[in-house]
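Protein chains in written order, with our numbering: chain A, 7 to 335; chain B, 7 to 335. For every residue, glycine included, the Cβ atom is placed at its ideal position computed from N, Cα and C. Step one of this worksheet: look at the structure below.
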């Protein structure tokens, strides 16, 4: 079975770990291709940092910091302390020593002319994440967020997503812009994987700055619309709030209420030109199933909190079951 | 008093620390300009590493690993271990975490268009080494060493100096080539500092791959020949052997015997078109004083082992005294 998943960072990575555990436990022979968000990427100290790709790679490869959900396990901050001693900013984004090695390898490869896809493949040779990890694009796409700022001429300020999120802690946002997306092409293999998939999954990642930026790359939405595979997503919103992160602020910026049903309607039904064939909401949001189904999206309410690997695996199983249902299998 | 010193790594740095201690103890108002060797520079993992500049900067700035003589005090190897786990070579040159921060800052500055001089000045803003540290050149100069290798067509192999020294442990060498020196220009301020110096000192650095490469940059030898300042050197050879390093192998490669006198004659007397007005040999090499003086170089035998800061300071005092003698002051 060919499985394609679009993924952001922590939520996507934890879901994928559950997916692999489920496939393994169910003895399903499957190839999983992960299309990773790269619009959170940032250059720090000359290093190309790809937070979402690394979170997926570390999580599936066994190198993730387990509580933090990002960065390397048992990492230290010697380099960062020294950079601070040199007065090198930004002070709001600290890189771990082990993590820096990853960025050094990636940056060197990119400087030698490798694409981000090629650099990611080299890094994955070590981590063996058990999936084919593809960046959404080899071209630079960068999420910028506009916030209110009375001190500027037009009353707004536009920031790199990392500054908005890590430095400012995600204040109310006026707009989210995937800069460069219009000129970006899907990375090699992305559209092919979608086209030949047996199922496409949308893990409970941020609908705007993770899944949304992937969909903003011209060609990817079209491939998803055209694939014969069912497309099933899992709500990152439970009980009207994001499980983690700042999806509420990002959804508000694009005018979408923070609810499991509203996100499904935002994605839209495939039969109506949208993205989704199926949608999973949390058991506590069972009341929204009817709304989603009324929009032409098959919907089930199941437990969606990824408390542990077993919970994530069960969610993956539910997603695959719903995919089989919508595919009429 | 304007003092200019040409310096390699450990020997040069320890001498300079002694020089500053002496000047301070003697309450001599002096500005010291150090012209540092950059031909040992190497790019590792995409990072521009300047071992000699850093050894001077760390030693004078209080950040040096005291026993090792290079690298940072109390450093760790987290990044390097990870790079090794990625299969990233070379395995024979390990960078410390704290040290990597220095290289990150330098590399970022260079990638943004800064010259090596400018990057060095930025790094020195933190370390405040108490000297003006100038690279010999902002242009790339790289020492290559040719060794015998029966496995090749012509029976020789040519390596980067660091591979020759760090990886191979300095086997017999056939030639030493400062690649790029012919096209390099002295860094801004280098020739001006030499021209306006009251004294020029050659610390006990390697005569071939430290001092020799500095002299190989067109314009620097000419500036030394033209300066009104006395030029006084200290022998890095004591009792027919280098105090540290591989100067014996490097001297043999250029046909110079490993002796304090031979190095002086290799540099030559200024009055005969050479470099030196004065030369200090170790007390144990007092027998060579007559040979050096016969060549037109004023020579004294004094203790030259830098056992501690006091010993290095005493050597600096002797060098300045000899400079005053040859200047007729």
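By the Cβ rule, the stretch 39 to 48 of chain A does not count as touching the stretch 230 to 247 of chain A, because fewer than three pairs are nearer than 8 Å.
Between the alpha carbons of residue 334/B and residue 204/B lies a distance of about 12 Å. The alpha-carbon of residue 30/A is positioned some 59 Å away from that of residue 215/B.
For residue 260/B, the nearest beta carbon of chain A is not closer than 8 Å to its own beta carbon. For residue 132/A, there is no enclosing beta strand (DSSP E); the enclosing alpha helix (DSSP H) covers residues 122 to 133. Contact annotation: residue 52/B and residue 113/B have beta-carbon atoms nearer than 8 Å. Assignment of residue 303/B by DSSP, reduced to helix, strand and coil, places it in the coil class. In the DSSP assignment, residue 332/B falls outside any beta strand (DSSP E) and within the unbroken alpha helix (DSSP H) covering 315 to 332. Judged by DSSP in its simplified three-state form, residue 172/B adopts helix.
Sorting 310/A, 217/A, 319/A, 225/A by C-alpha distance to the C-alpha of residue 282/A places 217/A at the top.
For residue 57/A, there is no enclosing beta strand (DSSP E); the enclosing alpha helix (DSSP H) covers residues 57 to 67. Using a CB distance cut-off of 8 Å, residue 85/A counts as an interface residue toward chain B. Proximity of chain A to residue 273/B at the Cβ level (cut-off 9 Å) is not reached, the minimal Cβ distance being about 37 Å. For a Cβ distance threshold of 7 Å, nothing in chain B lies close to residue 70/A: the least Cβ distance comes to about 14 Å. Residue 157/A is not bridged by DSSP to any residue.
Residue pairing by DSSP puts residue 288/B in a beta bridge opposite 308/B. Annotated as distal: residue 313/B and residue 286/B, with beta-carbon spacing of 8 Å or more. Counting along the chain, residue 48/B sits inside no alpha helix (DSSP H); it lies in the beta strand (DSSP E) bounded by residues 48 to 50. Ranked by Cα distance from residue 292/B, the first of 279/B, 245/B, 75/B is 245/B. Within 7 Å of the CB of residue 114/B, the CB atoms of chain A belong to 51, 52, in sequence order along the chain. Against chain B, the CB of residue 107/A has a partner CB under 8 Å away; the residue lies at that interface. Inside the stretch 195 to 260 of chain B, DSSP marks whole beta strand (DSSP E) runs of 3 or more residues at positions 205 to 208, 237 to 240, from first to last along the chain.
Its Cα nearest to that of residue 105/A, the residue 84/A stands out among 252/A, 226/A, 84/A. In the displayed model, residue 264/B falls within coil according to three-state DSSP, outside both helix and strand.
Here residue 266/A has 241, 243, 287, 291, 294 as same chain residues with Cβ atoms under 6 Å from its own Cβ, once five neighbours each way along the sequence are excluded.
Going by beta carbons, residue 103/B and residue 81/B fall inside the 8 Å limit. Put simply, the stretch 318 to 332 of chain B does not touch the stretch 219 to 231 of chain B. Fewer than three CB pairs are less than 8 Å apart. The residues 252, 255, in chain order, have a CB closer than 6 Å to that of residue 176/B in the same chain once the five nearest residues on each side in sequence are set aside. For residue 166/A, the enclosing beta strand (DSSP E) starts and ends at 162 to 166. With fewer than three CB-CB distances shorter than 8 Å, the stretch 91 to 103 of chain A does not count as touching the stretch 33 to 41 of chain B. Between residue 262/B and residue 270/B, the gap from beta carbon to beta carbon reaches 8 Å or more. Of all alpha-carbon atoms in 185/A, 171/A, 196/A, the one lying nearest the alpha-carbon of residue 212/A is that of 171/A. Three or more Cβ pairs closer than 8 Å define a contact, and the stretch 7 to 25 of chain B falls short of that threshold against the stretch 119 to 129 of chain B.
In the structure shown, the three-state DSSP call for residue 83/B is coil. In the three-state reduction of the DSSP assignment, residue 182/B falls in the strand class, which pools E and B. According to the DSSP assignment, residue 138/B belongs to the beta strand (DSSP E) that extends over 138 to 141.
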